[in-house]
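Below is one structure, written out as structure tokens; the observations come after it.
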Amino acid sequence: MIKNYIKIAWRNLWRNKGYSLLNIVGLATGLTCFAFIFLWANDELSYDRFNRNYERIFRLTTTTETGVSGSAGSGAPVAKALRDDYTEVEHTVRLRRREEIVLHDNQQVLQPGILLTDPSFFDVFSYELTRGAAKTALNDPYSIILTESSAKKYFGEADPIGRTLTVLMNDTTGSGAAYTITGVMPDPPRNAHFTFTMLASMRTVEIANPSVLTAEGWNDTSFYTYVLLKEGTDYRAFSDKIARLHEKYRGKTPGSGREYTYALQPLRDIYLRSDVRNEIAATGNITYVYVFFTIGIFILLLAGINYTNLAVAHSMGKAKEVGVRKVAGAAKTQLALQCLSESVLTAMVALAFSFLFSLLLQPVFRQITAKDLSLISYPLLLLVLPLVTLFLGLLSGSYPALVFSAFKPAAVLKGSFKSGSKGVLLRKIFVVTQFVVTVVLGTGIVIVYAQLSFMKHMDLGYDREALLYVKQNGNREVVNGFGPFKNELTASPLISGVTTSGGSLNSGFFETIDNTGNPLPINTSVLGVGNDYLEGYGIELLAGNNFTPGPDSAGTLQIIMNETAVKQSGWENPETAIGKPIRTGGQNGMVVGVTKDFLFNSLHNTVPPMAISPLNGYFSKIIVKVDIQKADEAVALIEQAWKEHFPGLLFDYGFADQQIEDQYRAEKRFSLIFLCFSVLSLLIACLGLYGLVSYTAWQKTKEIGVRKVFGATVNGIVMLLSKDYLVLVLLACLIAMPITWYIMHKWLEDFAYRIEIQWWMFAVAGLAAVLIALLTVSGQAIKAAVANPVDSLRNE
Numbered sequence: 142m143i144k145n146y147i148k149i150a151w152r153n154l155w156r157n158k159g160y161s162l163l164n165i166v167g168l169a170t171g172l173t174c175f176a177f178i179f180l181w182a183n184d185e186l187s188y189d190r191f192n193r194n195y196e197r198i199f200r201l202t203t204t205t206e207t208g209v210s211g212s213a214g215s216g217a218p219v220a221k222a223l224r225d226d227y228t229e230v231e232h233t234v235r236l237r238r239r240e241e242i243v244l245h246d247n248q249q250v251l252q253p254g255i256l257l258t259d260p261s262f263f264d265v266f267s268y269e270l271t272r273g274a275a276k277t278a279l280n281d282p283y284s285i286i287l288t289e290s291s292a293k294k295y296f297g298e299a300d301p302i303g304r305t306l307t308v309l310m311n312d313t314t315g316s317g318a319a320y321t322i323t324g325v326m327p328d329p330p331r332n333a334h335f336t337f338t339m340l341a342s343m344r345t346v347e348i349a350n351p352s353v354l355t356a357e358g359w360n361d362t363s364f365y366t367y368v369l370l371k372e373g374t375d376y377r378a379f380s381d382k383i384a385r386l387h388e389k390y391r392g393k394t395p396g397s398g399r400e401y402t403y404a405l406q407p408l409r410d411i412y413l414r415s416d417v418r419n420e421i422a423a424t425g426n427i428t429y430v431y432v433f434f435t436i437g438i439f440i441l442l443l444a445g446i447n448y449t450n451l452a453v454a455h456s457m458g459k460a461k462e463v464g465v466r467k468v469a470g471a472a473k474t475q476l477a478l479q480c481l482s483e484s485v486l487t488a489m490v491a492l493a494f495s496f497l498f499s500l501l502l503q504p505v506f507r508q509i510t511a512k513d514l515s516l517i518s519y520p521l522l523l524l525v526l527p528l529v530t531l532f533l534g535l536l537s538g539s540y541p542a543l544v545f546s547a548f549k550p551a552a553v554l555k556g557s558f559k560s561g562s563k564g565v566l567l568r569k570i571f572v573v574t575q576f577v578v579t580v581v582l583g584t585g586i587v588i589v590y591a592q593l594s595f596m597k598h599m600d601l602g603y604d605r606e607a608l609l610y611v612k613q614n615g616n617r618e619v620v621n622g623f624g625p626f627k628n629e630l631t632a633s634p635l636i637s638g639v640t641t642s643g644g645s646l647n648s649g650f651f652e653t654i655d656n657t658g659n660p661l662p663i664n665t666s667v668l669g670v671g672n673d674y675l676e677g678y679g680i681e682l683l684a685g686n687n688f689t690p691g692p693d694s695a696g697t698l699q700i701i702m703n704e705t706a707v708k709q710s711g712w713e714n715p716e717t718a719i720g721k722p723i724r725t726g727g728q729n730g731m732v733v734g735v736t737k738d739f740l741f742n743s744l745h746n747t748v749p750p751m752a753i754s755p756l757n758g759y760f761s762k763i764i765v766k767v768d769i770q771k772a773d774e775a776v777a778l779i780e781q782a783w784k785e786h787f788p789g790l791l792f793d794y795g796f797a798d799q800q801i802e803d804q805y806r807a808e809k810r811f812s813l814i815f816l817c818f819s820v821l822s823l824l825i826a827c828l829g830l831y832g833l834v835s836y837t838a839w840q841k842t843k844e845i846g847v848r849k850v851f852g853a854t855v856n857g858i859v860m861l862l863s864k865d866y867l868v869l870v871l872l873a874c875l876i877a878m879p880i881t882w883y884i885m886h887k888w889l890e891d892f893a894y895r896i897e898i899q900w901w902m903f904a905v906a907g908l909a910a911v912l913i914a915l916l917t918v919s920g921q922a923i924k925a926a927v928a929n930p931v932d933s934l935r936n937e
């Protein structure tokens with residue numbers, strides 16, 4: 142019996158090739174989208190799960206006493222304090238991420254992804270060595286472990302154990318050090334919240350800079366501390382227990398300057414649910430996982446609805462066949478099973494096509510998501526997808542099966558069969574549902590692109606397009622020879638300014654006075670800069686003056702604050718801040734100027750309170766203001782000058798605007814994926830609409846013939862068939878508006894600086910949906926309108 146059903150279903154599919162192709166393409170498109178989304182979402186959710194102690198690993202986060210900023214970083218001494226003082230702690234490990242120059246074959250090679258860490262790294266995380274002993278490989282200072290790709294990069298197929306690499310430390314010494322290779326390990330999994338190319342001993346840092354373990358070290362939050370708790374420990378209770386750890390050790394190390402509160406963040410939350418600053422690497426967003434997985438489910442349902450509409454429309458053409466079979470004794474159950482077998486077979490054929498589509502679109506998927514994933518790499522998906530396909534086939538074929546088996550043979554054979562009003566209403570609900578999803582996605586993509594455009598063109602408080610930076614990467618020769626290098630650059634008309642900076646923002650603590658003269662502690666971000674930094678960046682000075690060369694006669698430190706820092710301090714306005722006393726790190730100073738707020742960080746975060754201080758000779762970056770119209774010539778000029786003044790040193794440069802755009806890589810990827818799914822959902826919705834129009838045109842064949850005989854025009858008939866469906870699309874637009882507003886408003890809340898959702902965004906997406914729907918409806922309507930009325934009325 143089942144074999145007979147399948148044979149008949151296959152013959153029906155083959156006989157109606159155009160109809161079958163529409164169904165198969167629609168279902169295959171939905172299945173392909175679902176498969177790709179499943180791959181992406183499953184990969185996002187798999188981060189760090191390769192660790193055996195996944196549920197017991199936590200990261201320490203810090204928050205300043207003002208509660209203004211939470212950071213993923215913590216001080217170097219915290220790990221030892223936790224390990225020594227709390228029995229709940231099994232192991233602790235510290236990480237510090239570096240990008241260093243490696244001297245190789247008399248050439249400088251920029252090596253990213255170097256992690257300084259403790260020997261306990263292998264006790265906390267589930268990594269193994271292929272060569273060397275994990276227990277002792279990082280015990281000694283200046284020891285280093287290479288990943289297999291790094292070992293091959295520097296030593297080819299030779300055994301690197303016991304050999305050395307000269308690494309140029311990016312610090313004030315600028316001196317290189319020979320690191321002994323003590324181990325080789327496989328490249329870290331891609332789905333870890335941090336990856337690396339080398340692991341270097343943390344003892345190196347402690348010897349080179351002993352202050353990291355002192356009171357000063359408690360305030361240096363450039364380290365990442367991970368804790369492995371003993372089994373059965375309630376991490377929330379333990380997190381509360383250690384919250385005031387900084388206060389406890391501040392008593393032991395007076396003069397620490399500020400206070401932090403600590404908390405434990407589960408390893409499972411770091412990649413997708415973290416809301417702290419200074420992450421060790423780029424993170425994902427659990428919201429995107431929810432959004433895309435929901436989109437995948439909806440697109441799958443749209444494909445099923447599309448099949449249902451097409452199947453019902455097609456079943457009208459087989460009404461007489463059903464009537465004859467019923468007269469011949471066919472039961473309702475048999476007819477329903479026949480229809481279900483056809484829908485399941487169609488779905489299974491669509492599954493085969495979806496595998497083909499997935500294979501063809503694999504390079505596109507890899508480029509959009511930056512993930513090298515395939516169906517073959519996930520055996521679970523190979524099991525899930527056929528089950529989903531079977532369910533989709535049964536679900537999509539259920540309603541057509543009911544319609545198909547419920548035909549009354551007498552009415553059908555007399556040619557007077559009409560579908561009931563309930564069936565028409567249900568099919569219209571299907572079309573409205575399809576277009577609601579489509580318009581939500583379409584409006585969403587308009588809002589996403591509007592936000593991206595806003596971020597790209599927002600005034601950040603400085604001229605980012607004309608700024609080029611060159612990293613000195615620990616080359617002391619660059620610091621010593623900066624003066625002549627700068628003079629040569631500024632002599633060119635292509636260069637309008639050259640300055641320096643200390644690199645990234647650091648956290649700082651200052652003591653000053655409020656408006657009443659009472660002591661006032663403030664936490665700020667600190668940026669060390671050259672004297673002409675403000676002019677180079679084009680940053681507006683609201684009050685006071687720029688730095689004067691060197692400290693004044695009293696030896697006071699000069700500080701320039703931004704507007705936010707002034708407001709945090711409670712001073713009335715920028716003018717009242719000028720001359721306020723400042724004390725930090727045992728040094729006295731004063732506020733000499735106030736700048737307009739400018740933003741270096743992502744627009745996800747507000748401008749932090751900032752204190753700008755002059756550099757003491759050492760810097761990390763050289764910033765060059767170039768003629769943006771002749772950027773290529775300017776880069777060539779700077780590179781030539783670099784080679785003349787610093788021969789043999791790596792020329793590592795970039796543009797500020799590109800660096801800013803890189804911060805929004807995740808949003809760009811989100812928008813591109815969103816766009817692809819929006820287009821696909823619109824395609825599927827139009828196929829469903831095509832099915833409903835086809836059905837209506839078939840039902841009104843004789844009516845159209847009569848109207849044409851009495852003089853109806855093609856335009857009039859097209860309007861007759863089209864107006865009801867355009868009303869459905871407009872209704873879908875109205876329903877979609879509040880849904881879209883709520884979803885996208887939630888998404889925009891993740892940005893500190895964002896656009897306002899405006900009416901035209903809904904209008905653009907709605908108009909596009911209406912126009913495309915009109916084209917879809919008009920094509921079938923015109924076909925029905927131009928048909929010869931003789932063909933439809935000859936049997937009357």
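In the working numbering, each number is its position in the sequence shown, counted from 1, plus 141.
Note that CB positions come from ideal geometry on N, CA and C, so glycine has one too.
First through last residue of the beta strand (DSSP E) which encompasses residue i
| i | result |
| --- | --- |
| P260 | It is not in any beta strand (DSSP E) - P260 carries neither H nor E in the DSSP assignment. |
| K938 | Nothing about residue 938 can be read from this structure; the chain reaches only from 142 to 937. |
| G734 | 728–736 |
| Y367 | 365–370 |
| V667 | 660–670 |
Candidates the options: closest to residue i by CA position
| i | options | result |
| --- | --- | --- |
| V243 | V308, T288, D673, E231 | V308 |
| P750 | L668, Q699, D768, W783 | L668 |
| S482 | A452, L500, K887 | A452 |
| T689 | G679, I680, L675, L683 | L675 |
| R239 | E231, K597, L251, T424 | L251 |
| D281 | E347, E298, P330 | E347 |
| N183 | T228, V265, E652, N332 | N332 |
| R385 | A404, G254, T487 | A404 |
| D673 | S291, K841, T653, S637 | S637 |
| A319 | D328, V325, R304, T271 | R304 |
| Q406 | K389, E388, Y390, D381 | D381 |
| G907 | T487, V578, N757, I383 | V578 |
| Y759 | W888, N664, G615, D793 | G615 |
Simplified DSSP state of residue i, which is helix, strand or coil
| i | result |
| --- | --- |
| T313 | With a pLDDT of 39 at T313, under the threshold of 50, the predicted position of this residue should be treated as unreliable, and no value is reported. |
| Y401 | strand |
| T487 | helix |
| G208 | Note on G208: pLDDT 45, under 50, position unreliable in the model; the coordinate value appears next. G208: coil per DSSP, three-state reduction. |
| G396 | For G396, the predicted model reports a pLDDT of 42, less than 50, meaning its position is unreliable and no value from the coordinates is stated. |
Chain-order list of residues whose beta-carbon lies under 6 angstroms from that of residue i (same chain, five-residue window excluded)
| i | result |
| --- | --- |
| E372 | none |
| D259 | V234, R235, M343 |
| S484 | G534, S537, G538 |
| F595 | I896 |
Proximity test, Cβ basis, 8 angstroms: residue i and chain D
| i | result |
| --- | --- |
| S161 | This model lacks chain D altogether; it includes just one protein chain. |
Residue span of the alpha helix (DSSP H) that contains residue i, given as start and end
| i | result |
| --- | --- |
| H245 | Premise fails: H245 lies in the beta strand (DSSP E), 230–245, not in any alpha helix (DSSP H). |
| P879 | 855–889 |
| P715 | 715–718 |
| L413 | 408–414 |
| K624 | Note on residue identity: the sequence assigns Gly, not Lys, to residue 624. 623–631 is the span of the alpha helix (DSSP H), which, as asked, contains G624. |
| Q709 | 704–710 |
| A777 | 772–786 |
| K221 | 219–226 |
| F796 | First-last for F796: 793–796, but that is the beta strand (DSSP E), not the alpha helix (DSSP H). |
7 angstroms Cβ shell around residue i - same chain, five flanking residues per side excluded
| i | result |
| --- | --- |
| Y513 | For the record, residue 513 in the displayed sequence is Asp; it is not Tyr. Once the five neighbours on either side are set aside, the close Cβ partners of D513 are R507. |
| V859 | S919, A922, I923, A926 |
Cβ shell of residue i (< 8 angstroms), same chain only, five flanking positions each side left out
| i | result |
| --- | --- |
| V325 | L270, T271, R272, G273, I286, L287, T288, E289, A292, P301, I302 |
Next on the checklist: Check whether the segment 763–773 and the segment 818–831 touch, using three or more Cβ-Cβ pairs below 8 angstroms as the test.
Outcome noted: no
Next on the checklist: For the segment 436–451 against the segment 814–823, do three or more pairs of beta-carbon atoms, one drawn from each stretch, fall closer than 8 angstroms, so that the two count as touching?
Outcome noted: yes
Checklist entry - Just checking, does the segment 439–446 make contact with the segment 164–175 on the three C-beta pairs under 8 angstroms criterion? => result yes
Checklist entry - Is the segment 780–796 close to the segment 583–603, with three or more CB pairs under 8 angstroms? => result By the Cβ criterion, the segment 780–796 is not in contact with the segment 583–603, since fewer than three pairs of Cβ atoms, one from each stretch, lie closer than 8 angstroms.
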